[in-house]
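The opening residue of the sequence shown carries number 1 in full-length UniProt numbering; numbering runs sequentially from there. We treat Cβ as the ideally placed atom computed from N, Cα and C, and that holds for glycine. Every value quoted in this text rests on a predicted model; they were computed, and no experiment measured them.
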Amino acid sequence: MLLGVDSVVAVRDPWGYRPLSVGRLMEGGYVIASETCALQTLGCVDISEIAPGEIVTIRGDEITRRRTPQAVTGGAHCSFEFVYFSRPDSEWDGRSVHAVRQRLGERLAIEAGVDADVVIPVPDSSIPAAIGYSRQSGIAFNDGLIKNRYIGRTFIEPSQSLRERRVAMKFNALAENLVGKRVIVIDDSLVRGTTAGPLVKLIKDAGATEVHLRITSPPVMHPCFMGVDMGTYDELIAARLSIDELCRHVGCDSLEFLSVEGMLAAIGSQNGYCTACFTGEYAIDTTALRLSARKAGVIS
């Protein structure tokens, strides 16, 4: 976003890594936001996505749009937006985030089914996926964790001690739905491993006989160089431990991740999405970025 004397300019990166949309206010004027849910809340109409490499200039009640020659055909939209970042009531790339998350859960049930009595989400981002998993598997959905809504996202906290402290404050177990049951826990991702272990212990302490952790994304094994605090290789627990080792570390009875192919199938496209944090295949040349990160001591 750029503010001029009499104008506002919005530019989306040439690869379309991050979402950006514009909408028109009924009473006049325009609003630009990273998620369509914000535009809908404000009562905007004519909501449209700003294309990768597109420049939108708003001057008074006039809006002009032009595409830069640097725009990348096909794009590299961040798949993690669908998995975790975006609000479920947003739309991106013509897709409902909520619907994609339900399909992620359905695909996970197909790929990583297990006998159990109840499916519970890690609220709030995993609720649609848990509904999808329950629907596909035929195992009952219920609440098992209650979230303290005054605590923010934990994996993007700047320090490990802060993340651990917030996890302890963030959730409480609903024992009446867990005691004596084999529980499938649906979570969107496992990045640093800070949340999973304490949650599994919380659920078992509440009386669950088994806890099976199912993740609606592949293991995060590589850092993001496009503005997301995904940590160093040392911080990314899946880059250091095998799935069996992760399972023992977390303390669950079984642990499974959705495949890259399953995730992209749920999104609805095998092309145009960045999966670098899962696969290490970056859409851009990261040589200079890696060199800068090494100099800063971010990666080894």
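Could you compute how far the alpha carbon of A196 sits from the alpha carbon of L190?
7 angstroms
How many Å lie between M263 and H249 at the Cα?
25 angstroms
Residue ranges of each alpha helix (DSSP H) within the segment 21 to 55, 4 or longer
36 to 41
When the distance is taken between beta carbons, is L258 closer than 9 angstroms to T216?
yes
Run through the segment 89 to 139 for me and flag every whole alpha helix (DSSP H) of 4 or more residues, listed as ranges in chain order.
97 to 111, 127 to 137
Could you spell out where the alpha helix (DSSP H) holding V250 opens and where it closes?
243 to 250
Output the distance between the C-alpha atoms of Q102 and I131, rounded to the nearest integer angstrom.
6 angstroms
Reference V114, options S254, A208, A266, closest by Cα
S254
How about the segment 92 to 99 and the segment 76 to 84: do they share at least three Cβ pairs that are nearer than 8 angstroms?
yes
Closest to I139 by CA distance: which of T64, L39, I186 is it?
I186
Once the 5 residues before and after G23 are set aside, which same chain residues still bring their CB inside 6 angstroms of it?
V31, L39, C44, I47
Evaluate V179 with the Cβ neighbour count: other Cβ atoms within 10 Å of its Cβ, from every protein chain shown; 16 or more gives buried, anything less gives exposed.
exposed
Which term fits G234, buried or exposed, when burial requires 16 or more other beta carbons within 10 angstroms of its beta carbon?
Gly is not the amino acid found at residue 234; the sequence shown has Asp there. D234 should be labelled exposed.
Quick one: give me the first and last residue of the beta strand (DSSP E) that K147 is part of.
145 to 147
For M230, count neighbouring Cβ atoms within 10 angstroms of its own Cβ and tell me buried if that reaches 16, exposed if not.
buried
With H, G and I counted as helix, E and B as strand and the rest as coil, what does DSSP make of E210?
strand
Give a yes or no on whether the C-beta atoms belonging to P128 and D143 are separated by under 9 angstroms.
no
Can you tell me where the beta strand (DSSP E) holding E256 begins and where it ends?
254 to 257
By a C-beta neighbour count over all protein chains shown, 10 Å radius and 16 as the cutoff for buried, is P69 buried or exposed?
exposed
Would you check if the distance between the CB atom of S7 and the CB atom of I58 is smaller than 9 angstroms?
yes
For M1, count neighbouring C-beta atoms within 10 Å of its own C-beta (all shown protein chains included) and say buried if the count is 16 or more, exposed if not.
exposed
Exposure of D61, with buried meaning 16 or more beta-carbon neighbours within 10 Å:
exposed
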